[in-house]
Amino acid sequence: MTIILLIEQVLNGLQFGVMLFLMAAGLTLVFGVMGLINLAHGSLYMVGAFAAAAVAGATGSFLLAMAAALGAAAIAGVIVEMLVIRRLYDRDHLDQVLATFALILIFSEGTRWIFGSFPLYLNIPPYLSGPITLPGDIQYPLYRLVIIGVGLLVAAGLFLLISRTRLGIRIRAGESDREMIAALGVNISVLYTIVFALGAALAGLAGALVGAIQSVQVGMGEPVLILAFVVIVIGGIGSITGALVGSLLVGLTDTLGRTLLPVLFGTFMEASAATTVGAAIASMLIYILMAVVLIFRPTGLYGAR
829 MTIILLIEQV LNGLQFGVML FLMAAGLTLV FGVMGLINLA HGSLYMVGAF AAAAVAGATG
889 SFLLAMAAAL GAAAIAGVIV EMLVIRRLYD RDHLDQVLAT FALILIFSEG TRWIFGSFPL
949 YLNIPPYLSG PITLPGDIQY PLYRLVIIGV GLLVAAGLFL LISRTRLGIR IRAGESDREM
1009 IAALGVNISV LYTIVFALGA ALAGLAGALV GAIQSVQVGM GEPVLILAFV VIVIGGIGSI
1069 TGALVGSLLV GLTDTLGRTL LPVLFGTFME ASAATTVGAA IASMLIYILM AVVLIFRPTG
1129 LYGAR
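Numbering (the working numbering), first residue to last: 829 to 1133.
This is the structure:
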């Protein structure tokens, strides 16, 4: 393996990681502040992707498509929170799992009814398409670098929101002692709706960004949701820093594992067998990573003790 290929795979891992961060950040906020297990978070990712593809197809504007993804996912999140989720805060986690699983089915069938069963495609705009030359004459797709940049900007914005704003103070206080901030006059219902809408918007943005490099189809959010849960377990529930670190670890581990393990096994077995064995082990690496982290840090890397 050449050093150029290795650097390209590291960048692919970073791009995958920041996409997972956009999913996991909203999920960890919802779970940390509300104590809610939301299996329907992947459906909001799908809503953002379909909204972006539909608006881009109708207007030809990529920026409008991104705005539509944010708005549609946030609005869907507010509606879901007010009609369904608000009734689950004081219920058992099993009730939350069953209710949000039902939402997955509703979103999937509703999306299929509106857009059909065939996938949609969101084209990368000309000003973001093509490769860019990095130091060392490395050719890398500009759009993937944009995804990395957007993810890091969102991470910085979330850190500032949580640490420097009044809303962030309320979110952190709600995570620590929701009864106390309610007694101090903070409207918990409004706070929960804002947090849920923020998490939904981030999931919708992730779906829109990824929709330009893969097809937009019903059910696309569930595999990403599983990885997002792995991320917040590794990083620690309720921690934005943990979500970022965990996302990058998962992204790099998965991408480099799928690239390096077949090469490693290829040194002492046939190429076809090495590819099969390497891919099988690579698919387990992120779960092995999660198990190792939980052995030494049961609450995650940045989770509260």
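Every residue gets a Cβ at the ideal spot worked out from N, C-alpha and C, and that includes glycine.
It should be emphasised that the depicted structure is a prediction, and the values quoted were computed from it without experimental measurement.
Within the region 939-976, there are no complete alpha helix (DSSP H) runs of at least 4 residues.
Here E909 is buried. Its C-beta has 16 or more other C-beta atoms within 10 Å. Comparing alpha carbon positions, the residue from I835, Q843 and L916 closest to L1077 is Q843. Between the region 944-962 and the region 883-896 there are three or more C-beta pairs closer than 8 Å, enough to call the two in contact. Around the beta carbon of F946, fewer than 16 other beta carbons sit within 10 angstroms, so the residue counts as exposed. Classified as exposed, D965 has fewer than 16 neighbouring CB atoms from the shown chains inside 10 Å of its CB. Here DSSP, grouped into helix, strand and coil, assigns V912 to coil.
With respect to the 7 Å criterion, M851 and A984 are not classified as neighbours on the basis of their beta carbons. Annotated three-state conformation of V1014 is coil, per DSSP. Looking from the CA of V978, the closest CA among L839, I832, V846 and M1112 belongs to V846.
For V1044, DSSP records a beta bridge to L948.
In the DSSP assignment, S871 falls within the unbroken alpha helix (DSSP H) covering H869 to T887. Under the 10 Å beta carbon count, E937 is surrounded by fewer than 16 other beta carbons and is classified as exposed. Boundaries for I865: no alpha helix (DSSP H) harbours it, and the DSSP string shows neither H nor E there.
The three-state reading of DSSP puts M1097 in coil, since its state is none of H, G, I, E or B. Of the candidates L834, L833 and G854, G854 places its Cα closest to the Cα of L1053. The residue from G860, G1047, P959 and V861 with its alpha-carbon nearest to that of I932 is G1047. Counting along the chain, the unbroken alpha helix (DSSP H) around I1060 starts and ends at G1049 to G1063.
Taking the C-beta atoms as reference points, I975 is found nearer than 7 Å to L1037. With a 10 Å radius around the Cβ and a threshold of 16 neighbouring Cβ atoms, A927 comes out buried. Taking a 10 Å sphere around the C-beta of G944, we find fewer than 16 other C-beta atoms and assign the residue as exposed. Taking 8 Å as the upper bound for CB-CB distance, T856 and A1040 are not in contact here, some 25 Å apart. Ranked by how close their Cα comes to the Cα of Q967, the residues V1105, E1098, A930 and L839 have L839 in first place.
The beta carbon of L1113 lies closer than 6 Å to those of T1081 and G1085 in the same chain, with the five residues before and after it left out. When secondary structure is reduced to three states using DSSP, Y1130 falls in the coil class, being assigned neither helix nor strand.
Note on geometry: alpha-carbon atoms of R919 and L833 lie some 50 Å from one another.
G1131 and I1065 do touch by the CB rule: their CB atoms are close to 6 Å apart, below 8 Å. With a contact defined as Cβ atoms closer than 8 Å, A1010 and I1016 qualify at about 5 Å.
G1066 carries a coil assignment under DSSP once its states are collapsed to helix, strand and coil. Looking from the CA of Q924, the closest CA among T1103, P959 and L867 belongs to L867.
Straight-line spacing of the CA atoms in L898 and A1029 works out to 5 Å.
Looking from the CA of L1117, the closest CA among T1087, V1073 and V861 belongs to V1073.
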